[in-house]
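One line per chain: the protein sequences are A and B, in this order. Here the first sequence stands for residues 1 to 224, where the numbers follow this note's numbering. Here the second sequence stands for residues 1001 to 1620, where the numbers follow this note's numbering. All residues carry an ideal CB built from backbone N, CA and C; glycine is no exception. What you are looking at is a predicted structure, and each value in this text was computed from that prediction instead of being measured. Presented below is the structure to which this report refers.
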Amino acid sequence: MIASALESGAVVQRVRVVFAKGDQVRYISHLDLLRVWERVLRRARVPMAWSQGFNPRPRLFFAAALPVGVTGSAEMLDLMLASPVELPVLQHLIGDQLPPGLHLCALEDVPLTLPSLPSRVVAAVYEVIFAESASVDDLQCRVDSLLAAPSLPRSRQRPDGVRSYDLRPLVQSLWISKTDAGRTVLHMRLQMDQQGTGRPDEVLAELGLWGSAQSIERVELVLQ
Amino acid sequence: MMVDPDVLNCLLPGVEKPARYTGNEWNSIRKDWSQARLRVALAYPDVYEVGMSNLGLAILYELLNGQAGTLAERVYTPWPDMDRAMRQQGIPLFSLESRHPLAEFDWLGFSLPYELNYSNVLSMLSLAGIPLLASQRVGSRTWPLIIGGGTCTYNAEPMADFFDLLVIGEGEEVILELAELFHSLGRDQVGGTSKAGFLQHASCIEGVYVPALYAAEYHADGRVKATVPALAGVPATIKKRIVRQLLPLPERPVVPYVEAIHDRAMIEIMRGCTRGCRFCQAGMIYRPVRERPMPEVLSLADKLIASTGHEEIALVSLSSADYSWIEPVVGELNRRHGQQRISVSLPSLRTDTFSVRLAQMIQQTRKSGLTFAPEAGSERLRAVINKGVTAADLLQTAEMAFSGGWQRIKLYFMLGLPTETLDDVLAIADLVHSVQSVGRRARGQPVQISVSVNTFVPKPQTPFQWLPLAATADVLERQAALRQQLRNKGIKLSWSDEDSTWLEAALARGDRRMSAVVLKAWQLGARFDAWNEWYRPELWRQAFAEQGLDPHFYSSRLRSREECLPWAHIDTGVSPTFLWDEYQRALRAESSVNCAEGCLDCGVRRSFGLAECPVPSVDQ
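Next up, the structure:
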């Protein structure tokens, strides 16, 4: 990973971008989002480093794909720059070109030699907001029984066929709170690494609540 | 009332590519609904990714939104999964920008680029809760004015019953004149019972065709006798509109989130084509040739790159290698933007070494392969269609391409051309084999050749408009012969779908009575007919049968010089005499000079009072 980040030799600065993917862009896919960022950076004339090879691409790396329909308040990506740019300047350049729904939260210079961003992610925290009418007691009941189960065998339709897996070990914790406006919020901390990724919609389905969430937001990517 | 986002949020997670329906794209324009005196929805009767690639609607979008008091928003055909979900939830079709139901707009303007999109127009009207037939949209309630434009309007008779008004030709000026008329009469005087008055006024604007103001009369055998004005003061023929000089193009086009079919910045460098290929409808209806001055192209490219962030700029036209300044433009674009890795593409190259040289200047195309369109296999048949390309041209071009580094070439041919024999078709195989051996010699290794063979559909307003579509049995026999001959390794052969060709031909050449067939087919369930996975030819066969019409009467009948064609009242400026003469020269396998070599007096110059044709650019 370290070697691949440096092999072009052209990267002089690595910037970690924390950004929000809001409601207006919640339905665009991860691939669409990659194109959006490439275009933002081109419009902003950010001096990106490019990959080598047959089909060179600007070198930007997302921490983790966000499921379609889910918003994110602290998404992350690393930008590899070919010439140095001061962070306030970069913030200004990028900020002007972001489409509605995308927001910059923070920019940080990180060492070029850090391992790749996706390899550092170990877990993600989601917040699911339900309709006002949702009963906290009922939700707590469902949560307790899910957490009490020794295993939760599920299967998912993948492009290459149906995959069976155990959801239970991927669920690190679940807890409930209320928003100031009185909405019920379910918090989930789910595993996300090479061994497995817990999906919030799968947890909701297991709780018997698929389709009853008003919104799902990823609020934190936990790095190693 | 705007469609409630919470309601949408319930169904969007369940449909494919939900971002097709959520708007908010970069450069999309959101004007104040309540302040707008004219609200226009620009509609494309196909899915988002296809519609977003259309330059015509992008031009009108920026043009209309640039007018004070006018608002334009976009809408595309919901994919069948979304259509179903919306109908279940009772959500009417809405615009992407403000999510207002289409029925609340003053105008609903459809682009009609392709006959096999027709059923989608009805799907969209129906999902919007708008009565399908123009004759149903009368009375006290005001419905949006349903306007059509684009290539199919040169014979839109099969859609005549659904549209209030069609714009024939280039819409940039007409649409503003219509807006002016709308404002001068006031919104109250346009809808409901006053609609007829507005349409009558509109019919006097050059390029405006109000189908309801014309009556079609028929002979006993079903041929059209005449299409005549039903009211005094309505012009007998509708002359297409052109702009004398190409108007500025959008500088801030909408950048889609969902990847469009042509996901790139587009610059129309030239309108019209000098070549005069006899099969080509675009070449006839987009006359005269007008070029965009080079400084404008270059400055627009700078602006588009800055405003969109696209990594590719396409220089579009019917034959981009014919653009007077093509080489310097490509060179300068490379010089200015190559550093930023922005590539230039030329979607329509000629079969000559100049085009290969251009392609070499554009590194991007190296990856994808080069495409050439000899269209016919034999020298004789290429003379018939007036495609001025020789076998020697093609082989020389191929040699230069292969030795220049390309490993793959794509060749386009047509099957079922007028006067075609089996020998002409076998000549395609010979030509492909020659290209293959040229490639092997040039590269010292096997090369890849893709051969795409489409069945020729004779289109209205062309020299071949009188001719029938080739008989299916002949086409199948010739396809089989070609398949037999092109079995070699390294050759990939693909066909057009025979089962939709007949429908395209019937709809392209149909008369007004076919509106009932279109309606019936839609009622039976026809949707997305341009998509193989949705096209159901049996529904169309049933619709024809139930309406007592024979598709072959429209698609496969040789028509005489005397016959009044269903589109005879639409005047493209190209004279029927010229088209007929070209047809006769085709039958004699005589080629004609192209517009750059000499004037054949096609009629356009006189019709539009042009001092010079092709029209010189203002910069010259």
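- Chain-ordered listing is empty here: chain A has no CB closer than 9 Å to the CB of Ala-1359 of chain B, the nearest sitting near 18 Å.
- Rounded to the nearest whole angstrom, the CA to CA distance from Pro-1418 of chain B to Ser-1095 of chain B is 44 Å.
- Secondary structure of Asn-1386 of chain B (DSSP, three-state): coil.
- Among the residues of chain A, those whose CB is under 8 Å from the CB of Asn-1024 of chain B are Gln-24, Val-25, Pro-99, Pro-100, Gly-101, following chain order.
- Interface annotation, Glu-1538 of chain B: not in contact with chain A, CB-CB separation never under 8 Å.
- Judged by their CB atoms, Ile-1313 of chain B and Arg-1350 of chain B are not nearer to each other than the 8 Å cut-off.
- Among the residues of the region 1509-1527 of chain B, none has a Cβ less than 7 Å away from any Cβ of chain A.
- In this structure, the beta-carbon distance from Arg-1557 of chain B to Pro-1460 of chain B does not fall below 8 Å.
- No Cβ of chain A is located within less than 8 Å of the beta carbon of Glu-1016 of chain B.
- The beta carbon of Gln-224 of chain A sits closer than 8 Å to those of Arg-120, Val-121, Val-122, all from its chain and outside the five residues before and after it, given in chain order.
- Taking one beta carbon from each stretch, the region 1526-1534 of chain B and the region 1545-1557 of chain B have fewer than 3 pairs nearer than 8 Å; the two do not touch.
- Under the DSSP definition of a beta bridge, Leu-107 of chain A partners with A:Val-17.
- According to the DSSP secondary-structure assignment, Asn-1454 of chain B is paired through a beta bridge with B:Met-1414.
- Comparing alpha-carbon positions, the option among B:Pro-1092, B:Ser-1098, B:Arg-1606, B:Tyr-1209 lying closest to Trp-1033 of chain B turns out to be B:Ser-1098.
- For Ala-1041 of chain B, the three-state secondary structure derived from DSSP is strand.
- Around the beta-carbon of His-1569 of chain B, 16 or more other beta-carbon atoms lie within 10 Å, marking it buried.
- Residues Ser-1123, Leu-1127 of the same chain have their beta carbon placed closer than 7 Å to that of Asp-1083 of chain B, with the five preceding and five following residues left out of the count.
- Nearest C-alpha to Thr-1274 of chain B among B:Ser-1320, B:Glu-1172, B:Glu-1296, B:Pro-1018: B:Ser-1320.
- Taking the Cα of Pro-115 of chain A as reference, the smallest distance to any Cα among A:Val-85, A:Lys-21, A:Leu-147, A:Asp-78 is reached at A:Asp-78.
- Within chain B, the residues whose beta carbon sits less than 8 Å from that of Val-40 of chain A are Gly-1309, listed in sequence order.
- Val-1255 of chain B is positioned such that its CB atom lies closer than 8 Å to that of Arg-39 of chain A.
- Among the residues facing chain A, Val-1003 of chain B is not included, as its CB has no counterpart in that chain under 8 Å away.
- Secondary-structure assignment with DSSP links Gly-1023 of chain B through no beta bridge to anything.
- Taking C-beta separations shorter than 6 Å and ignoring five residues to either side along the sequence, the partners of Lys-1017 of chain B in its chain run Val-1258, following chain order.
- In the DSSP secondary-structure assignment, Tyr-1214 of chain B is bridged to B:Pro-1229.
- Tyr-1323 of chain B carries a coil assignment under DSSP once its states are collapsed to helix, strand and coil.
- It is roughly 15 Å from the alpha-carbon of Lys-1520 of chain B to the alpha-carbon of Asp-1511 of chain B.
- Linking Val-15 of chain A to Ala-106 of chain A through their CA atoms gives a straight-line distance of about 10 Å.
- Check the Cα spacing between Gly-72 of chain A and each of A:Ala-10, A:Asp-96, A:Phe-19, A:Ser-155: the tightest is with A:Phe-19.
- A distance of 8 Å or more separates the beta carbons of Leu-1116 of chain B and Gly-1149 of chain B.
- For the set B:Arg-1039, B:Thr-1421, B:Leu-1524, the Cα lying nearest the Cα of Val-1475 of chain B is the one of B:Thr-1421.
- Taken in chain order, the complete alpha helix (DSSP H) segments of 4 or more residues contained in the region 173-207 of chain A are 200-206.
- Taking 7 Å as the Cβ-Cβ cut-off, the region 1050-1071 of chain B has no residue approaching chain A.
- Contact between the region 1064-1074 of chain B and the region 1035-1043 of chain B is present, with at least three C-beta pairs closer than 8 Å.
- Gln-214 of chain A: member of the beta strand (DSSP E) spanning 213-223, first to last residue.
- Among the CB atoms of chain B, one or more fall inside 8 Å of the CB of Arg-35 of chain A.
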